[in-house]
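2 protein chains.
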Amino acid sequence: MTQQSVTMADVAKAAGVSRTTVSFVLNGRMEANIPEATRERINQTARMLGYRPNAAARTLASKRSAWFGLVTEIATSPFATDVIKGAQRSAWKDGNFLLIAPSDDDPGMEMLAVEKLLEQQVGGLIIATTWHREIIVPENAKSVPCVLVNCFDAAGEFPSIVPDEVAGGYAAAEILARAGHTNIGHITVAQGIPAQIGRQTGMKQALRDHGISQEESKIVAGDGTADSGYHGTQELLAQPDPPTAIFCGNDRIAMGAYDAIKELGLRVGEDISIVGFDDQEILAPHMRPKLTTIALPFEEMGMAGVSLLNQMVEGSPIENRQITIGCPPRIRSSVAMHGQR
Amino acid sequence: MTQQSVTMADVAKAAGVSRTTVSFVLNGRMEANIPEATRERINQTARMLGYRPNAAARTLASKRSAWFGLVTEIATSPFATDVIKGAQRSAWKDGNFLLIAPSDDDPGMEMLAVEKLLEQQVGGLIIATTWHREIIVPENAKSVPCVLVNCFDAAGEFPSIVPDEVAGGYAAAEILARAGHTNIGHITVAQGIPAQIGRQTGMKQALRDHGISQEESKIVAGDGTADSGYHGTQELLAQPDPPTAIFCGNDRIAMGAYDAIKELGLRVGEDISIVGFDDQEILAPHMRPKLTTIALPFEEMGMAGVSLLNQMVEGSPIENRQITIGCPPRIRSSVAMHGQR
DNA sequence: GCGCGTTACTGAATCGTGTTAGCAAATCTG
DNA sequence: CAGATTTGCTAACACGATTCAGTAACGCGC
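Sequences listed follow chains A and B, in order. Those letters in the first sequence? Residues 0 to 340, per numbering that gives the first Met the number 0, in order. Those letters in the second sequence? Residues 0 to 340, per numbering that gives the first Met the number 0, in order.
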């Protein structure tokens, strides 16, 4: 054992006080009025001896733990990072830790993950998904406060935090409308998922508000891949009255759209304007021209999840069980004013 | 408290045995020969009562914890995900947990992160970076076994796991050489970092082995961005004897290269062949044509990190302190046979 | 000099588990 | 059938904190 652990008892002996006093001082319990002098002396000895609190002992004794559990599909996507990042940051500043467990699609696996987290005495649970959808929450998750991030349960039993897809779709279409476009195409992500429904609904509302009509033929069903963006764009631009702007259901679709447009000898952001969705960090800002898109607020959702959890753990009543987080536009260079050049 | 925790004592009482016996059975200590009948009865009662072991108590009592700490720059890049994923998987199957702490560049922050992890009684530590480089390991990390992933310390004091940049560069160049190319360009990542030095060294070796000469003018210094790929490619293709193939220092450079090539009216994977590096999941397979590239083995490095850590914790001597993990080629469609069409 | 409040602590119980030492009964050995 | 061994279990301490219930010493007013 290289590990010589210094305990509170050691500090107490060295400082000539009782363990209790050390505990009070180190935890800053002012109500136990320990004079500044003693306080200082104890802090000094603790530092000198290299005392490091034992978190396990603390959780055991105090019956409340310093950590939350986060269950997510690490497997699939880089998005998970951002949720983790936000949650981590938020938890960290309260001195809390995040235990991250994988839930690789398999529902049995997910249950096991939750079980394991509960064994670790987590004070609360966040269940996060990489794409916005409905999930079935494992039964055992009810043992502690639990929030859903980027997903929701059918019964609405759990508080959930999701992106405001509708407002996002509205913002995307509005960018194009404001730029003077009146003939606008749309390539959707996979049919029936909240992202598709929400974004499309928002778009339609925006166009209506701006007095722009859109034929059904201008909405083509994609599946979220670059390929579907490529072919969808070809389809739109082959129409007799091709759109001058396309709202792509996500950034990957936009990537395919760029290729199709360039192949036709047209210029993105000049001849055809493009708006994406997601704001994928390693994609959107590096495309040529840089992609104007709507950001998915993963980091904010992660942060919101932790702070909601904090509220629940402290027992304060939560007013709002369904929180939507706005999707901010990222204006870059793929949208041109229509009729300017 | 909704949380009615069932303890071992409860199980013991319900099953009519002592707590010790329950402990033995539940931990599968065969040497305490408990007959099958009793064993079964205890397991049943435990299940019935919904007994869940208290990890904090267990760590405290047994003086060894079920988790490792992983310190990484979550902030910057999606790569972190893959390391986490690999490490997570690997740890998980031994019933171990990963505590993930952020080290956002700030060295003070990193030290604090390590300190916090040590408080949680982690049995070992992994320090991972998002790009291959030398780091200064915080002093307190020495309290427990510690391995470096995707980075290394100057003194070589810590075991470290890094990608085999040289072999990767070799493989990249060889793909082009095998395809019949003899005039090959290269756009580097940022000067002086291990990735640049290693990949370039590997490339040169491969070309030498294949009897191909390469003028200095065919190597242009980039900085890892798509922009530098775009301009680098323009520079290469403007030369009197332009290369027919380009090895791009990373996938983002390749992304810029694609744009430059297409703008000149040439076709990637037909007129000009491209090989990238990194195999960015949301980039390479979605480019048009799909990018042939060399993968950075983040997931494998994460797994290797954990298993090395396991060895160290168990005290088995480790033979190899500097492990390099191969970078497998991902053959897709951006390389054409030269002189075929 | 008595009662009372404050100051500055301390003793001891507790949290849920791991683990060692040991004991009574049953079984084997010779 | 005495003695040795094995079987099947238990008592009790340890782990490193938190926390409740005190308590000795001191100052202060009357």
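Glycine included, every Cβ here is placed at the ideal spot set by N, Cα and C.
- The alpha-carbon of I99 of chain A is positioned some 24 Å away from that of D277 of chain A.
- In this structure the region 228-241 of chain B does not lie against the region 223-241 of chain A, because fewer than three pairs of beta carbons, one per stretch, are closer than 8 Å.
- Contact of Q279 of chain B with chain A by beta-carbon distance below 8 Å involves I281.
- Identification of residues in the region 121-147 of chain B having a C-beta nearer than 8 Å to some C-beta of chain A yields S142 and V143, given in sequence order.
- Beta-bridge partners assigned by DSSP to R132 of chain A: A:C150.
- Partner residues in the beta bridge of D277 of chain A, as assigned by DSSP, are A:A294.
- Counting C-beta atoms within 10 angstroms of its own C-beta, R63 of chain B has fewer than 16 neighbours from the protein chains shown and is therefore classed as exposed.
- I160 of chain A has its alpha-carbon roughly 56 Å from the corresponding atom of Q213 of chain B.
- Restricting attention to B:G168, B:R132 and B:R18, the CA atom closest to the CA of A153 of chain B is found in B:R132.
- Along the region 94-108 of chain B, going in chain order, the ones with a CB nearer than 7 Å to a CB of chain A are F96, L97, L98, I99 and P101.
- By the neighbour-count criterion, in which 16 or more other beta carbons inside 10 Å mark a residue as buried, Q120 of chain B falls on the buried side.
- A Cβ of chain B is located within less than 8 Å of the beta carbon of T80 of chain A.
- In this structure, A178 of chain B lies near S272 of chain B, with their beta-carbon atoms less than 8 Å apart.
- Residue nearest to S102 of chain B within the set B:T291, B:L116, B:K84 and B:I293 is B:L116 (criterion: CA-CA distance).
- If you draw a straight line from the Cα of T224 of chain A to the Cα of I330 of chain B, it is about 20 Å long.
- For T58 of chain B, the residues of chain A that pass the 7 Å Cβ criterion are A55, in the order they occur in the chain.
- Using a CB distance cut-off of 8 Å, P52 of chain B counts as an interface residue toward chain A.
- With its beta carbon less than 8 Å from one in chain B, M254 of chain A belongs to the interface.
- A direct Cα-to-Cα measurement between D250 of chain B and E39 of chain B gives close to 57 Å.
- Chain B has no Cβ within less than 8 Å of the Cβ of L295 of chain A.
- In terms of Cβ geometry, A294 of chain B and C326 of chain B form a close pair [threshold 8 Å].
- Listed in chain order, the alpha helix (DSSP H) runs fully inside the region 77-146 of chain B are 78-91 and 106-118, counting runs of at least 4 residues.
- V161 of chain B: member of the beta strand (DSSP E) spanning S159 to P162, first to last residue.
- Within the region 214-226 of chain B, those residues whose Cβ lies closer than 9 Å to any Cβ of chain A are, in chain order, T224, A225 and D226.
- Given a length threshold of 3 residues, each whole run of the beta strand (DSSP E) inside the region 297-327 of chain A is given here in chain order: 321-324.
- Using a 10 angstroms sphere on the CB of T19 of chain B, the tally of other CB atoms stays under 16, which defines it as exposed.
- Between the region 124-141 of chain A and the region 189-199 of chain A, the count of C-beta pairs closer than 8 Å reaches three or more; the two stretches touch.
- In the structure shown, the three-state DSSP call for L69 of chain B is strand.
- For A244 of chain B, the uninterrupted beta strand (DSSP E) segment begins and ends at A244 to C247.
- Here G184 of chain A is bridged, per DSSP, to A:I245.
- At a cut-off of 8 Å between C-beta atoms, Y229 of chain B counts as an interface residue with respect to chain A.
- N139 of chain A and L124 of chain A have their alpha carbons spaced roughly 11 Å apart.
- I186 of chain A sits close to G248 of chain A, with the two beta carbons spaced by under 8 Å.
- Where Y229 of chain B is concerned, the enclosing alpha helix (DSSP H) starts and stops at A225 to L236.
- In the three-state scheme derived from DSSP, where H, G and I count as helix and E and B as strand, R40 of chain B is classed as helix.
- When CB distances to chain B are screened at a threshold of 7 Å, the residues of the region 285-310 of chain A falling below it are H285 and R287, in chain order.
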